[in-house]
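Visitor: The structure is given below, and queries will be raised subsequently.
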Amino acid sequence: MYTFSNRLKIASIILMIVGALGIVGGFVMAPGSIEEAKEMVASHDDGHGASHAVEASHGGTTNEHAVAEGHGEEHDASHDQHLLDQLKNRPWAALYVAAFFFMMISLGVLAFYAIQRAAQAGWSPLLFRVMEGITAYLVPGGIIVFVILLLSVLDMNHLFIWMDADVVAHDALLQGKSGYLNPTFFLIRAAIFLAGWIGYREYSRKLSLAQDESDDNSNFKLNFRISAAFLVFYLISESIMSWDWIMSVEPHWFSTLFGWYIFASMFVSGITVIAMVTIYLKSKGLLPDVNDSHIHDLAKFMFGISVFWTYLWFSQFMLIWYSNIPEEVTYYVTRISDYKLPFFGMIAMNFLFPVLLLMNSDYKRISWFVVLTGIVILGGHYMDIFNAIMPSTVGDQWFIGIPEIGSVLFFAGLFIFWVFRALATAPLQPKRNPFIEESKHFHY
Amino acid sequence: MASKVIHAFYDDDDVLMHAVKKVKAAKHHIEEVYCPFPVHGLDKAMGLAPTRIAITSFLYGCVGLTVAVLMMNYIMIEDWPQDIGGKPSFSYIENMPAFVPIMFELTVFFAAHLMVITFYLRSRLWPFKEAENPDVRTTDDHFLMEIEIHDNEQELKDLLMQTGAVEINISEKNSH
């Protein structure tokens, strides 16, 4: 039985407090008027002279140019308003990226867990309690994301411009999509998805605990069946979720493999966190039966899904780059012109690092090596979500500063707090899982 | 040079594994084990050195990647530049995304094929080569352990009988 150590609890609370200060700071620092916004950019631009000209020339490439076109106002005035919107969006976008990222980790773990259940995998039952602990975060994490989406619908921010009736009124494309992309249906979908994920998580956990105390395998069999059914629901809901929660920040643009792309990101982040939590608990001597081969298998998944992510990233990129159709390619034009470092840095972190570090079989068994690679992978996939959300919401006014770091620290603290509190509520090793013996003797 | 070897037959891979461990524990050198299918963990039990084929595979992959880059650079940029889809081929790096599938494919192609060829060379295998296994049953349902005899025939026989061998033969062998 694991007890949530005081040191870890205090560390997570400190993270939350520091992070919360950063989040509040981000909102306080955001400009309130056009004059303030211009002043901020002007003082910022002193350092690197000509950047304003560059900004003006491609300012229209972000999708929010719909606002400018529609109003038919003088360009300068609408540009200034646009700038103000971007700067006001920044703390919201920073909050949203971090909230989504940590929710995505636990959702990725939930998918991995459901696959292990549905496949009746023999190697992984020793890790089930670790996975269940991580998926516990889906409850607060999912609700926080939902609240942010709700606040967007209530017009507290401009993350999703299609929620603004004024924008839609001047945009034929958005009018065409409004049967699907409207605030009410959007929230209904979000509520259904979260209810489905959280419902499966809680029910499966209950069955998993009941299996330990029961004298037959009925709980295990039921868990197998609901997991298989859940995977069907998950694949559909995850795909639609990625269109709704991420792709729709850029409502004119679409990609048909976006759902898979986000899935790869959440899957590899989730598996990485399973490996890290397992290694942490094992280093405390709490998972005595977990051996090198379990870590090796998780590291193989980290390696393989990193390559899978790259494959999807490149498949999406190359087709759009090659065909060079204006309405499609704008997505990458903004990212390559304004986000060069995060955009290409992300590929190094998500592909080159894991491929080179985890290629050697022996390295996959060295705990600190797996943790080190894991940190790079998690950083890279945070950047992935950052690159998906930021260009459409804050344009070229991005920076990894107080709002971004504060948000990451806050949600990291909350994540650690919630996950380890959940881990402490049940024995870390399932007793009566029919495959537990196989898992104990798992040998690669 | 001809030498005398002892052949012990087994009809179960678990029994074989235990036998190999026992023979190793008795400090005898196992010349070879012939199996109808790969037995997991047998290489470790026999004390064989870990394979280095993965390293060669990585190097061959690097060769393949290099070949792909040089080849596409020559074909598409230097020798006959074309304007495909409004993307004139003037620089390798700017047209690189179009070459990534080729770079990937040749990396895999070189790594896979050269690795297989290396494996064949290292195992002394070539087309129409006569089989080396001393008994045809090792291609069906029997496992065979081969140990060289150094004036300890009886001792080895007793040991192998204890380990559950179903048949023991002594034969002459021409070492290569």
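Chains A and B, in that order, are what the protein sequence lines are.
Here the UniProt record's numbering is used: the first residue of the first sequence is 1, the next is one more, and so on.
Here the UniProt record's numbering is used: the first residue of the second sequence is 1, the next is one more, and so on.
Yeah, the Cβ is synthetic: ideal placement off N, Cα and C, and Gly gets one too.
1. Under 8 angstroms, Cβ to Cβ, is there at least one residue of chain A near A165(B)?
2. Any contact of the segment 328-336 of chain A with the segment 246-257 of chain A, i.e. 3+ C-beta pairs under 8 angstroms?
3. Is the CB-CB distance between A197(A) and L138(A) below 8 angstroms?
4. Name the two residues that bound the continuous alpha helix (DSSP H) containing F410(A).
5. Run down chain B in chain order and give the residues with a C-beta less than 7 angstroms from the C-beta of Y113(A).
6. In terms of residue numbering, what span does the beta strand (DSSP E) encompassing D144(B) cover?
7. Could you round the C-beta distance between A111(B) and G64(B) to whole angstroms and report it? I think they count as a contact, below 8 angstroms.
8. Taking a Cβ distance cut-off of 9 angstroms, strictly less, list which residues of the segment 90-101 of chain B are near chain A, in chain order.
9. Against chain A, does G47(B) count as a neighbour if the rule is that its beta carbon must be under 8 angstroms from one of theirs?
10. Hey, is G86(B)'s beta-carbon within less than 8 angstroms of any beta-carbon in chain A?
11. Of the residues M163(A), G379(A), Y322(A) and H170(A), which one's Cα is nearest the Cα of P88(B)?
12. Mark H443(A) as exposed unless 16 or more other C-beta atoms lie within 10 angstroms of its C-beta, in which case mark it buried.
13. In three-state terms, what does DSSP make of K340(A)?
14. Could you compute how far the alpha carbon of S57(A) sits from the alpha carbon of P391(A)?
15. Given that Y322(A) touches chain B, what residues does it touch there, using C-beta distances under 8 angstroms?
16. Please determine, among Y311(A), I279(A), H296(A) and R225(A), the residue with the shortest C-alpha to C-alpha distance to I262(A).
17. What residues from chain B crowd round M346(A), counting only those whose CB sits closer than 9 angstroms?
18. What is the residue span of the beta strand (DSSP E) that Y203(A) lies within?
19. Residues of chain B with CB closer than 8 angstroms to the CB of F317(A), please, in chain order.
20. Less than 8 angstroms between the C-beta atoms of E146(B) and V5(B), yes or no?
21. Excluding five sequence neighbours on each side, which residues of the same chain lie with their C-beta closer than 7 angstroms to the C-beta of I53(B)?
22. So is Y107(A) buried or exposed if we call it buried at 16+ other beta carbons inside 10 Å?
23. With DSSP collapsed to three states, give me the class of I246(A).
24. According to DSSP, E167(B) sits in a beta bridge with which residue or residues?
25. Which residues in the same chain have their Cβ closer than 7 angstroms to the Cβ of H394(A), if we skip the five residues on either side of it in sequence?
26. Find out if the Cβ-Cβ distance for the pair L144(B), Y34(B) is shorter than 8 angstroms.
27. Is the shortest distance between the beta-carbon of F314(A) and the beta-carbons of chain C less than 8 angstroms?
28. Is the CB-CB distance between L149(A) and A190(A) below 8 angstroms?
29. Is it right to say I161(A) is buried, meaning 16 or more other beta carbons lie within 10 angstroms of its own, or is it exposed?
30. Scan the segment 118-152 of chain A and note each continuous beta strand (DSSP E) run of 3 residues or more that stays entirely inside, going in chain order.
31. Under the three-state reduction of DSSP, which class applies to S3(B): helix, strand or coil?
32. Quick check on DSSP: helix, strand or coil for I30(B)?
33. Please look up how many angstroms separate the CB atoms of S361(A) and S124(A), rounded, as I've assumed it's under 8 angstroms.
34. Please go through the same chain and pick out, in chain order, the residues whose beta-carbon is closer than 8 angstroms to the beta-carbon of I389(A), but skip the five residues on each side of it.
35. For D83(B), which three-state DSSP category applies?
36. Just list the residues that DSSP pairs K173(B) with in beta bridges.
Guide: Put simply:
1. Position 165 of the second sequence, counting from 1, holds the residue named residue 165(B). Closer than 8 angstroms: no.
2. yes
3. As a first step, residue 197(A) must be located in the first sequence, where it is residue number 197. As a first step, residue 138(A) must be located in the first sequence, where it is residue number 138. Sequence check: residue 197(A) is Trp here, not Ala. Yes. Within cutoff.
4. In the first sequence, counting from the first residue as 1, residue 410(A) sits at position 410. Its alpha helix (DSSP H) spans residues I402 to L423.
5. Counted from its first residue, the first sequence places residue 113(A) at position 113. Residues of chain B passing the Cβ test: none, with the nearest at roughly 27 angstroms.
6. By 1-based counting over the second sequence, the position of residue 144(B) is 144. Residue identity check: residue 144(B) is Leu in the sequence provided, not Asp. Per DSSP, L144(B) belongs to the beta strand (DSSP E) from F143 to E148.
7. On the second sequence, position 111 is the one that residue 111(B) refers to. On the second sequence, position 64 is the one that residue 64(B) refers to. So it is a contact: roughly 6 angstroms between Cβ atoms.
8. P97, A98, V100 and P101
9. Within the second sequence, the letter at position 47 stands for residue 47(B). Not one chain A Cβ lies under 8 angstroms of G47(B).
10. As a working mapping, residue 86(B) is identified with position 86 in the second sequence. Closer than 8 angstroms to some Cβ of chain A, the Cβ of G86(B) qualifies, so yes.
11. On the second sequence, position 88 is the one that residue 88(B) refers to. The candidate whose alpha carbon is nearest that of P88(B) is Y322(A).
12. Walking along the first sequence from the start, residue 443(A) turns up at place 443. Exposed, by the Cβ-count rule.
13. Residue 340(A) sits at position 340 when you count from the first residue of the first sequence. K340(A): helix per DSSP, three-state reduction.
14. Working through the first sequence from its first residue, we reach residue 57(A) at position 57. Working through the first sequence from its first residue, we reach residue 391(A) at position 391. A caution first: S57(A) carries a pLDDT of 42, below 50, which makes its placement in the model too unreliable to give a value.
15. By 1-based counting over the first sequence, the position of residue 322(A) is 322. Residues of chain B passing the Cβ test: G85, K87, P97 and A98.
16. One-based indexing of the first sequence puts residue 262(A) at position 262. Of the candidates Y311(A), I279(A), H296(A) and R225(A), the one whose C-alpha sits nearest the C-alpha of I262(A) is Y311(A).
17. On the first sequence, residue 346(A) is found 346 positions in, with the first residue counted as 1. None at all; the shortest Cβ gap to chain B is about 16 angstroms.
18. On the first sequence, residue 203(A) is found 203 positions in, with the first residue counted as 1. No beta strand (DSSP E) contains Y203(A), which is instead part of the alpha helix (DSSP H) from P183 to E213.
19. For the purposes of this step, residue 317(A) is taken as the residue at position 317 of the first sequence. The contacting residues are P97.
20. Taking the second sequence and counting its residues from 1, the one referred to as residue 146(B) is at position 146. Taking the second sequence and counting its residues from 1, the one referred to as residue 5(B) is at position 5. The answer is yes: Cβ separation under 8 angstroms.
21. If you number the second sequence from 1, residue 53(B) lands on position 53. M115, T118 and F119.
22. On the first sequence, position 107 is the one that residue 107(A) refers to. Looking at the sequence shown, residue 107(A) is not Tyr but Leu. So L107(A) counts as buried.
23. Start at 1 with the first residue of the first sequence, and residue 246(A) comes out as number 246. If DSSP states are grouped into helix, strand and coil, I246(A) belongs with coil.
24. Taking the first residue of the second sequence as 1, we reach residue 167(B) at position 167. Bridge partners of E167(B): F9(B).
25. Position 394 of the first sequence, counting from 1, holds the residue named residue 394(A). According to the sequence shown, residue 394(A) is Val rather than His. Result list for V394(A): Q86, N89, R90 and A93, in chain order.
26. What you label residue 144(B) is simply residue 144 of the second sequence in a count that begins at 1. What you label residue 34(B) is simply residue 34 of the second sequence in a count that begins at 1. Taking 8 angstroms as the Cβ cut-off, L144(B) and Y34(B) qualify as a contacting pair.
27. Judged by its chain identifiers, the structure shown contains no chain C, and its protein chains are A and B.
28. On the first sequence, residue 149(A) is found 149 positions in, with the first residue counted as 1. On the first sequence, residue 190(A) is found 190 positions in, with the first residue counted as 1. Going by C-beta atoms, L149(A) is nearer than 8 angstroms to A190(A).
29. Residue numbering aside, residue 161(A) sits at position 161 when the first sequence is read from its first letter. So I161(A) counts as buried.
30. none
31. In the second sequence, counting from the first residue as 1, residue 3(B) sits at position 3. S3(B): strand per DSSP, three-state reduction.
32. On the second sequence, residue 30(B) is found 30 positions in, with the first residue counted as 1. I30(B): strand per DSSP, three-state reduction.
33. The residue labelled residue 361(A) in the question sits at position 361 within the first sequence. The residue labelled residue 124(A) in the question sits at position 124 within the first sequence. With a Cβ gap of about 20 angstroms, S361(A) and S124(A) do not count as contacting.
34. In the first sequence, residue 389(A) corresponds to position 389, counting from 1. Excluding positions up to five away in sequence, the list reads A93, Y96, V97, F100, L159, I246 and V249.
35. Your numbering for residue 83(B) matches position 83 in the second sequence. DSSP places D83(B) in strand when its eight states are reduced to three.
36. The sequence position of residue 173(B) within the second sequence is 173, counting from 1. Looking at the DSSP assignment, K173(B) forms a beta bridge with S3(B).
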